[in-house]
Amino acid sequence: MTPEAAALSSSFAGNKGKLPWPVETGFVSQGYGTYPHPTLKGIVQDSDGLEIRTQANSNVRSVFDGTVSKISTIPGYGLTVIIKHGEYFTMYSRLKNISVKVGQSVKAKETIGQVAANADGQSEVHFQTWKGLQIMDPATWITSK
34 MTPEAAALSS
44 SFAGNKGKLP
54 WPVETGFVSQ
64 GYGTYPHPTL
74 KGIVQDSDGL
84 EIRTQANSNV
94 RSVFDGTVSK
104 ISTIPGYGLT
114 VIIKHGEYFT
124 MYSRLKNISV
134 KVGQSVKAKE
144 TIGQVAANAD
154 GQSEVHFQTW
164 KGLQIMDPAT
174 WITSK
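For the sequence shown, the numbering used here begins at 34 and goes up steadily by one.
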């Protein structure tokens, strides 16, 4: 890691539990980890991130300073932005549009796109946190509401 990346990683890690939410208003509709399927008894599902329900057309924003590492479409998650924060990464999915480009520097709370609505008309952003290739519980990184 470059000295700059090391400093950014250290700063990101030092803000665990203090990062802003990726949307201004909302609530966690599905947490991280293993949970029972909502309709199929005896079936469990795994979630690598948080589902945060918010208002239609809400801006989705970076939770920390970083650089846009990747923009793609992921099956089941739609438009996705990945932001690099030194050795840490944050992922924002279920976007209807994206307002940043790969390689662009972003600041904390800077808008990166808008949340999409699903077939039921609900607007939920999927948010993940990673250290290298290790997935982490995003709820431990953002502030409690």
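Ideal Cβ placement from N, Cα and C applies to all residues, glycine included.
With a threshold of 16 other CB atoms inside 10 Å of the CB of Glu84, please say whether the residue is buried or exposed. buried
Coil, strand or helix - Pro171 by DSSP: helix
Per DSSP, which residues does Tyr68 bridge with? Please list them. Gln78
Assigned exposure category for Pro71 - 16 Cβ within 10 Å defines buried: exposed
Whose C-beta lies closer than 8 Å to the C-beta of Tyr110 among residues of the same chain, with five residues either side of it excluded? Ser126, Arg127 and His159
Which residue marks the beginning of the beta strand (DSSP E) containing Tyr125, and which one marks its end? Tyr121 to Ile131
So, with DSSP's three-state summary, where would you put Ala46? helix
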